[in-house]
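J.: Sharing a structure with you now.
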Amino acid sequence: MDIDELRRLAIGRQRAVKTMVSIKSKYDIDIVDVVVFLVLGVLNFEKSSSSLLNVQPMTISSVSEFIGIPKETVRRKLGLLEQKSLISKTNYGFLVKDIAVWRQLVESSASSADAPAEKRP
Numbered sequence: 055m056d057i058d059e060l061r062r063l064a065i066g067r068q069r070a071v072k073t074m075v076s077i078k079s080k081y082d083i084d085i086v087d088v089v090v091f092l093v094l095g096v097l098n099f100e101k102s103s104s105s106l107l108n109v110q111p112m113t114i115s116s117v118s119e120f121i122g123i124p125k126e127t128v129r130r131k132l133g134l135l136e137q138k139s140l141i142s143k144t145n146y147g148f149l150v151k152d153i154a155v156w157r158q159l160v161e162s163s164a165s166s167a168d169a170p171a172e173k174r175p
């Protein structure tokens, strides 16, 4: 990996970091809250079938295991995200409520910088 490749990757992540900081400021939450929100959506939507009606709620344990932070921390973070109306709690777990904000976060981390660099002869 050379400096040009590292620079390309850094530039590609700049938008994602700025979006995370923007969401952090807008909702008066911390970066870990933003990460928990992102992970909840990843878990909700990766296990869903063909419709938003079939999105899978996730438990505190599921989120905790995925990101490796204590359940009690996840519980507090999810409670705060629920207060901010970013997620909702059901009898079966938690769901992303504000899909537009979650999508903005995910799309900011997707970048053409992720595409593999062309091999040079």
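One point on numbering: in our numbering, the residue at position 13 of the sequence shown is 67, and numbering is uninterrupted. Cβ atoms here follow ideal geometry from the backbone N, Cα and C, with glycine treated the same way. Quick caveat: nothing in here was measured; it's all calculated off a predicted structure.
Nearest to K138 by CA position, among L94, K80, A70, is which residue?
T.: Indexing the sequence shown from 1 puts residue 138 at position 84. Ranking the options by Cα distance to K138, first place goes to K80.
J.: From E136 to R69, what distance separates their C-alpha atoms?
T.: Numbered from 1 along the sequence shown, position 82 holds the residue referred to as residue 136. Numbered from 1 along the sequence shown, position 15 holds the residue referred to as residue 69. Roughly 26 angstroms separates the two Cα atoms.
J.: Within a Cβ cutoff of 7 angstroms, which residues of the same chain sit near T113, ignoring the five residues on either side of it in sequence?
T.: In the sequence shown, counting from the first residue as 1, residue 113 sits at position 59. If we look at T113 and ignore the five residues flanking it on each side, its Cβ neighbours are G147.
J.: When DSSP builds the beta bridges, which residues end up paired with I141?
T.: Taking the first residue of the sequence shown as position 1, residue 141 is located at position 87. The partner list for I141 (beta bridge, DSSP) reads V150.
J.: To the nearest angstrom, report how far apart S151 and V88 are at their CA atoms.
T.: Counted from its first residue, the sequence shown places residue 151 at position 97. Counted from its first residue, the sequence shown places residue 88 at position 34. The sequence given here places Lys at residue 151; Ser does not occur at that position. Roughly 14 angstroms separates the two Cα atoms.
J.: Which value, in whole angstroms, describes the spacing of the CA atoms of S163 and L92?
T.: Translated into positions along the sequence shown, residue 163 becomes position 109. Translated into positions along the sequence shown, residue 92 becomes position 38. Cα-Cα distance, rounded: 11 angstroms.
J.: Considering only residues of the same chain and omitting the five flanking positions on each side of S116, which have a CB-CB separation below 8 angstroms?
T.: The residue given as residue 116 occupies position 62 in the sequence shown. L97, G147, listed in sequence order.
J.: Does DSSP put M74 in a helix, a strand or coil?
T.: As a first step, residue 74 is located in the sequence shown; it is residue number 20 there, counting from the start. Three-state result, M74: helix.
J.: Thinking V109 and F99 are a contact (beta carbons under 8 angstroms), I'd like their distance in whole angstroms, please.
T.: Position 55 of the sequence shown holds residue 109. Position 45 of the sequence shown holds residue 99. At roughly 6 angstroms, the Cβ-Cβ gap stays under 8 angstroms, so V109 and F99 are in contact.
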